[in-house]
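Asks: Input: one structure, supplied below.
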Amino acid sequence: MNLKAGVQELLEQVRTYNVFAHEEGEYGDDDGEPRDREKIIQHQRYATRLYVILFIVAFYVLIVATVMNPQTRLITVSNITPTLFDHLRSNYPQDLSCPCSTISVPYEAFVSSIVSLDPVCTSIFTSRQWIEALYLINASAYLMPDFRATANSQFELLAALCSFSNDTIYQNMNDIENNQLVSVELLSEDQVQPQVNLAIEVIRANSQIQVPSIIQFLQITTQSNGFVSALNTASHIVIHVANNQYIIEFGPQYVTDSSDTCVTNSRNFPAGFYSNSYLDAAGMFYAVYGADQDDDLPNASAIVSGFLGGCYPLDALLESTLDCLYDGSCFKALLKYFPALNQTNLNWTTSVLPSSQKNVSVNDRLSNVFIDQWLTQINYSRYVAECAPSICTYTITDRTNFSYTIGLLLSLYGGLTILLRLIAWSVVNVASKIKIRLTNINNEPINFVARILLFLTLLLFNSLNSQVVTISVSDPSFTTYNHLQTLYPTTLTCSCSNMVIPYSTFANLTPTFHQVCSSGFITDDVISLFSSISYAMLYTDWRYQAFSQFGLLSKLCKIANSTIGDAVDRFNMRSFVTSNLLTEIDFSTQLDTIFTQFNQSTATDYRSLVDLVLLVTQVDQPFVGQRLGQDTIQNAQPIFGSLAGFLFNNNLTYINSTFLSASPYDIVTNVQCICAANPNCLQQLAFYEYHWFYDDVYLVSAYTAPGLVLSCSAVVSLLSSTLECFYSDSDCLSMLLYYTGFDPNL
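Each residue of the sequence shown is one higher than the one before, starting from 8 at the first, in my numbering.
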């Protein structure tokens with residue numbers, strides 16, 4: 008009986024359980040209307056039961072959510088060191104973030120480079136003592152392949168190339184130090200190393216292209232202009248007396264037994280020491296008939312291994328491998344032919360070069376800017392110090408433990424109790440009032456409508472009230488980004504996970520060259536035809552200048568092709584830096600600006616190279632040898648002025664002569680120009696015909712070629728010409744084919 012009574016009492020306690028017993032007035036509600044006490048207690052019990060149900064459900068949901076869901080915590084670490092950063096990065100590679108206090112760190116703060124030059128550049132062979140010991144006052148009397156003719160000049164050039172390369176390396180070092188490593192986040196050592204290596208490689212590649220390009224352009228302009236060397240290698244000048252008259256032998260050096268000369272074919276031969284010179288008949292035979300066959304070259308008493316002799320000392324040096332300098336017995340043999348070497352204090356044993364660069368041409372060494380070894384070292388600790396991250400943060404995820412769950416529930420209990428009691432009582436109270444209002448709705452229509460209007464007003468107010476919400480989208484696709492950009496053009500922000508993007512990944516540069524560079528006029532066959540018709544022509548006849556101009560144009564096209572190709576390669580090695588994803592319009596605008604700057608800088612570099620050569624030509628005013636032989640044509644300009652011989656004991660000791668200017672006549676004033684003062688002077692080119700008057704032969708201008716001019720040098724002549732005569736719709740083209748005798752189908 009006691010158990011039954013106990014159960015009944017428990018059920019009665021549950022039925023009459025009321026948590027709202029002291030919260031409402033007993034005789035009225037908030038509307039001031041009297042209410043029955045029994046109804047109030049009944050409503051309180053209904054609210055209590057609803058409250059208990061809501062409380063049980065809410066606590067169950069909270070317990071399940073707390074226990075089942077993992078806990079994410081943000082961990083902050085200070086006093087960052089390289090060791091600590093490596094440890095954190097290995098453990099938390101995805102979530103670790105270490106913002107730099109300085110996002111741009113100069114390379115000079117943490118990068119050091121050790122550069123060693125080619126051993127030949129630091130050897131005795133580029134010293135003034137060695138170079139001056141190779142000087143011979145009569146060097147021009149020796150044959151072109153004779154080492155005595157060009158030894159001093161070649162080593163002078165070698166020393167100059169080493170000095171130029173050393174200056175270039177020094178400039179590269181400054182460029183590297185001034186470079187910046189840009190990063191918002193602290194990078195790991197294996198991330199820093201590739202970026203630094205790439206930046207250094209770009210700077211090195213730039214110099215490895217520019218330096219050989221300058222030398223190559225000098226070679227081209229030297230040969231195209233036919234500059235005369237004082238060494239008698241490209242052109243020979245021999246003056247001798249016969250029948251009490253001065254006889255001048257002056258012409259381009261022949262390099263084969265055919266008509267090839269240094270003007271048409273800059274050829275090199277193995278350097279050696281020859282018993283013949285221009286002072287004897289054998290030397291003159293070589294100069295006039297060339298050296299294509301073995302019996303054309305006199306026998307050499309000794310060969311200087313790895314060295315060449317040719318039309319121009321620079322061309323010969325670039326193809327030389329300098330093998331003699333790696334062989335002590337070889338350069339000791341030079342003592343016999345260069346007596347001044349015996350007066351130097353050289354240690355022949357220590358002067359021998361190490362064999363690491365043996366059999367490597369000077370041109371290949373120059374392509375590498377005479378660098379033997381380049382070592383780059385990174386001080387990662389200094390980089391971390393310069394980046395100076397104050398903190399590093401990362402997140403960890405844990406299962407919720409029991410104590411945390413209890414603490415969370417206890418902290419939520421008070422607020423949850425108040426909220427649930429308010430909800431339960433409000434629901435019961437509202438339900439009761441709705442029931443009463445439905446009963447009296449016919450009696451109070453206006454009050455009901457007013458409440459509905461008030462509710463709609465509040466709803467409208469809430470809908471008009473704006474609220475800023477940040478929405479995150481992970482790993483958006485290109486389509487998703489475009490859609491979001493359309494919807495939220497002003498507020499959309501997409502941070503890049505990779506701030507540095509190589510241009511080669513999204514840009515493709517394809518240059519289109521001028522059509523003249525792919526025309527038939529610059530082919531080897533056509534240029535050879537121009538060479539065959541250039542003899543016995545007046546120097547103002549276009550046919551005389553065609554070989555030089557089109558040969559130069561062909562080489563300029565080749566240099567332009569290689570220059571632009573190298574520039575594109577260097578551009579692809581560079582990177583596009585941005586922290587946020589750009590819109591397609593902004594991206595295109597920035598790229599257009601970058602491409603415009605790239606085009607302008609490439610054209611400026613190429614033009615600067617041309618201007619440099621033009622300046623040197625204007626200042627030095629070298630004698631141009633391509634106009635040799637023009638004395639044979641009537642009314643042409645003579646090369647030599649008066650000759651004066653000096654005799655001692657009836658023997659000719661030396662002869663003084665002067666070179667006359669062969670500069671053009673101004674196209675407007677017809678006054679002969681002074682090229683040193685007016686290097687851009689122009690004279691119209693034409694096609695000339697022979698006319699006979701009794702026994703005299705005259706050259707008469709038959710057709711003036713439009714757009715074709717002659718200037719002080721072959722380079723200026725070509726650059727000042729418009730080439731309008733060579734287009735298919737030009738009337739001049741048919742005249743050109745007629746006077747040259749070319750087949751129009753070529």
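Glycine residues also receive a C-beta, built at the ideal position from the N, C-alpha and C atoms.
1) For Ser-718 and Leu-689, which I take to be in contact (beta-carbon distance under 8 Å), what is that distance rounded to the nearest angstrom?
2) Nearest by alpha-carbon distance to Thr-711: which of Ala-721, Glu-696, Ser-720, Val-723 is it?
3) How do the stretch 499-512 and the stretch 187-202 stand: do at least 3 beta-carbon pairs fall below 8 Å, yes or no?
4) When you compare the CB positions of Asn-185 and Glu-115, do they come within less than 9 Å of one another, or not?
5) Measuring only the C-alpha atoms, how far is Ala-237 from Asn-213?
6) Among residues of its own chain, excluding the 5 on either side of Leu-286, which ones have a beta-carbon nearer than 7 Å to its beta-carbon?
7) Asn-159 by DSSP, collapsed to three states: which one?
8) Would you mind stating whether Gln-556 and Ser-708 have Cβ atoms separated by less than 9 Å?
9) Could you tell me if Val-118 is buried or exposed, where buried requires 16 or more neighbouring beta carbons within 10 angstroms of its beta carbon?
10) Evaluate contact between the stretch 201-213 and the stretch 227-235, counting only Cβ atoms and requiring at least three cross-stretch pairs below 8 Å.
11) Have a look at Asn-9 and Arg-80 and give me their C-alpha separation to the nearest angstrom.
12) Applying the 10 Å Cβ sphere with the 16-neighbour rule, what's the burial state of Trp-432?
13) Given a cut-off of 9 Å, decide if Ser-327 and Ala-278 are closer than it, judged by their beta-carbon atoms.
14) By the 10 Å Cβ neighbour count, where 16 or more other Cβ atoms means buried, how is Asp-153 classified, buried or exposed?
15) Give the secondary structure of Tyr-495 by DSSP, where H, G and I count as helix, E and B as strand, and everything else as coil.
16) Go ahead and pull the three-state DSSP assignment for Cys-680.
17) Inspect the beta-carbon positions of Leu-360 and Val-127 and report whether they are closer than 9 Å.
18) Please classify Leu-429: is it buried, with 16 or more other beta-carbons within 10 angstroms of its beta-carbon, or exposed?
19) By how many angstroms is the C-alpha of Thr-351 removed from the C-alpha of Leu-141?
20) Got a sec? Which residues, its chain only, sit under 8 Å from Ser-773 by beta carbon, not counting five neighbours each side?
21) Pick out whichever of Val-437, Val-626, Ser-195, Arg-274 has its Cα sitting closest to the Cα of Thr-88.
22) Quick one: grab the DSSP three-state call for Arg-274.
23) When you compare each of Ser-735, Val-722, Ser-720, Leu-692 to Gly-714 by their alpha carbons, which one comes out closest?
24) CB-CB under 8 Å to Asp-302, same chain, minus the five flanking residues each way: which ones, in chain order?
25) Return helix, strand or coil for Ile-398, following the three-state DSSP convention.
26) In whole angstroms, what separates the C-alpha of Ile-47 from that of Gly-421?
27) Could you give the distance in angstroms between the alpha-carbon of Asp-738 and the alpha-carbon of Asn-687?
28) Ser-586 and Ser-502 look like a contact to me (Cβ under 8 Å); what is the Cβ gap, rounded to whole Å?
29) With distances taken Cα to Cα, identify the nearest neighbour of Ala-54 among Phe-605, Tyr-24, Asp-379, Asn-306.
30) Give the DSSP-derived three-state secondary structure of Ile-453 in the structure shown.
31) Once the 5 residues before and after Arg-52 are set aside, which same chain residues still bring their CB inside 6 Å of it?
32) Under 7 Å Cβ to Cβ from Ser-111, same chain only, skipping five residues before and after it: list those, please.
33) Using a Cβ-Cβ cut-off of 7 Å (strictly less than) and excluding sequence neighbours within five positions of Thr-175, which residues of its own chain qualify?
34) Output the distance between the C-alpha atoms of Gln-641 and Asn-579, rounded to the nearest integer angstrom.
35) Could you check the C-alpha separation between Ser-312 and Cys-331 for me, to the nearest Å?
36) Any beta carbon of chain D sitting closer than 9 Å to that of Thr-590?
Replies: This is what the structure gives:
1) Locating residue 718 in the sequence shown gives position 711, counting from the first residue. Locating residue 689 in the sequence shown gives position 682, counting from the first residue. Between Ser-718 and Leu-689, the beta carbon gap of about 6 Å places them in contact (Cβ cut-off 8 Å).
2) In the sequence shown, residue 711 corresponds to position 704, counting from 1. For Thr-711, the nearest C-alpha among the options comes from Glu-696.
3) Of all C-beta pairs linking the stretch 499-512 to the stretch 187-202, three or more are shorter than 8 Å, placing the two stretches in contact.
4) The count along the sequence shown starts at 1 and reaches residue 185 at position 178. The count along the sequence shown starts at 1 and reaches residue 115 at position 108. In this structure, Glu-115 lies closer than 9 Å to Asn-185 by Cβ.
5) Here residue 237 refers to the residue found at position 230 of the sequence shown. Here residue 213 refers to the residue found at position 206 of the sequence shown. Approximately 35 Å, taken between the alpha carbons.
6) The residue given as residue 286 occupies position 279 in the sequence shown. Contacts found: Ala-148.
7) Working through the sequence shown from its first residue, we reach residue 159 at position 152. Residue state for Asn-159 is assigned as helix, using DSSP reduced to three classes.
8) Locating residue 556 in the sequence shown gives position 549, where the first residue counts as 1. Locating residue 708 in the sequence shown gives position 701, where the first residue counts as 1. Not closer than 9 Å, so no.
9) By 1-based counting over the sequence shown, the position of residue 118 is 111. Buried, by the Cβ-count rule.
10) No, the stretch 201-213 is not in contact with the stretch 227-235.
11) The count along the sequence shown starts at 1 and reaches residue 9 at position 2. The count along the sequence shown starts at 1 and reaches residue 80 at position 73. So the two alpha carbons sit approximately 55 Å from each other.
12) In the sequence shown, the residue the question calls residue 432 occupies position 425. Here Trp-432 is buried: its Cβ has 16 or more other Cβ atoms, across all protein chains shown, within 10 Å.
13) Working through the sequence shown from its first residue, we reach residue 278 at position 271. Working through the sequence shown from its first residue, we reach residue 327 at position 320. Taking 9 Å as the Cβ cut-off, Ala-278 and Ser-327 qualify as a contacting pair.
14) As a first step, residue 153 must be located in the sequence shown, where it is residue number 146. By the neighbour-count rule (16 or more Cβ atoms within 10 Å), Asp-153 is buried.
15) Reading the sequence shown from its first residue, position 488 is the one you call residue 495. Assignment of Tyr-495 by DSSP, reduced to helix, strand and coil, places it in the coil class.
16) As a first step, residue 680 must be located in the sequence shown, where it is residue number 673. In this structure, Cys-680 counts as coil in the three-state DSSP scheme.
17) Mapped onto the sequence shown, residue 360 falls at position 353. Mapped onto the sequence shown, residue 127 falls at position 120. Contact: yes.
18) If you number the sequence shown from 1, residue 429 lands on position 422. Counting the other Cβ atoms within 10 Å of the Cβ of Leu-429 gives fewer than 16, which makes it exposed.
19) For the purposes of this step, residue 141 is taken as the residue at position 134 of the sequence shown. For the purposes of this step, residue 351 is taken as the residue at position 344 of the sequence shown. As the crow flies, the alpha-carbon of Leu-141 is around 11 Å from that of Thr-351.
20) Only positions 8 to 753 of the chain appear in the structure, and residue 773 is not among them; the question remains open.
21) Residue mapping note: residue 88 aligns to position 81 of the sequence shown, counting from 1. Per the Cα distances, Ser-195.
22) For the purposes of this step, residue 274 is identified with residue 267 of the sequence shown, where counting begins at 1. DSSP places Arg-274 in coil when its eight states are reduced to three.
23) Taking the sequence shown and counting its residues from 1, one reaches residue 714 at position 707. From the listed residues Ser-735, Val-722, Ser-720, Leu-692, the smallest Cα separation to Gly-714 is found for Leu-692.
24) For the purposes of this step, residue 302 is taken as the residue at position 295 of the sequence shown. Legend: pLDDT at Asp-302 = 48, less than 50; position of this residue unreliable, no value from coordinates given.
25) One-based indexing of the sequence shown puts residue 398 at position 391. If DSSP states are grouped into helix, strand and coil, Ile-398 belongs with the strands.
26) Here residue 47 refers to the residue found at position 40 when the sequence shown is read from its first residue. Here residue 421 refers to the residue found at position 414 when the sequence shown is read from its first residue. So the alpha carbons of these two residues sit roughly 25 Å apart.
27) Residue mapping note: residue 738 aligns to position 731 of the sequence shown, counting from 1. Residue mapping note: residue 687 aligns to position 680 of the sequence shown, counting from 1. In this model, Asp-738 and Asn-687 are separated by some 27 Å (Cα to Cα).
28) Against the sequence shown, residue 586 aligns to sequence position 579. Against the sequence shown, residue 502 aligns to sequence position 495. Yes, they are in contact, since the Cβ atoms of Ser-586 and Ser-502 sit about 7 Å apart, within 8 Å.
29) On the sequence shown, position 47 is the one that residue 54 refers to. Closest in alpha carbon position to Ala-54, among Phe-605, Tyr-24, Asp-379, Asn-306, is Tyr-24.
30) Counted from its first residue, the sequence shown places residue 453 at position 446. Since pLDDT at Ile-453 reaches only 49, below the 50 mark, its modelled position is unreliable, and the value read off the structure follows with that caveat. In this structure, Ile-453 counts as helix in the three-state DSSP scheme.
31) One-based indexing of the sequence shown puts residue 52 at position 45. Cβ neighbours of Arg-52 within its own chain (closer than 6 Å, five residues either side excluded): Asn-25.
32) Locating residue 111 in the sequence shown gives position 104, where the first residue counts as 1. These residues qualify, in order along the chain: Gln-187, Val-189.
33) On the sequence shown, residue 175 is found 168 positions in, with the first residue counted as 1. Hits under 7 Å: Ser-214, Val-218, Val-376.
34) Counted from its first residue, the sequence shown places residue 641 at position 634. Counted from its first residue, the sequence shown places residue 579 at position 572. For Gln-641, the predicted structure reports a pLDDT of 34, less than 50, and the residue's modelled location is therefore unreliable. A value from the coordinates is still provided. If I take the Cα positions, the gap works out to 58 Å.
35) Taking the sequence shown and counting its residues from 1, the one referred to as residue 312 is at position 305. Taking the sequence shown and counting its residues from 1, the one referred to as residue 331 is at position 324. For Ser-312 and Cys-331, the distance between alpha carbons rounds to 5 Å.
36) Any reference to chain D falls outside this structure, which holds one protein chain only.
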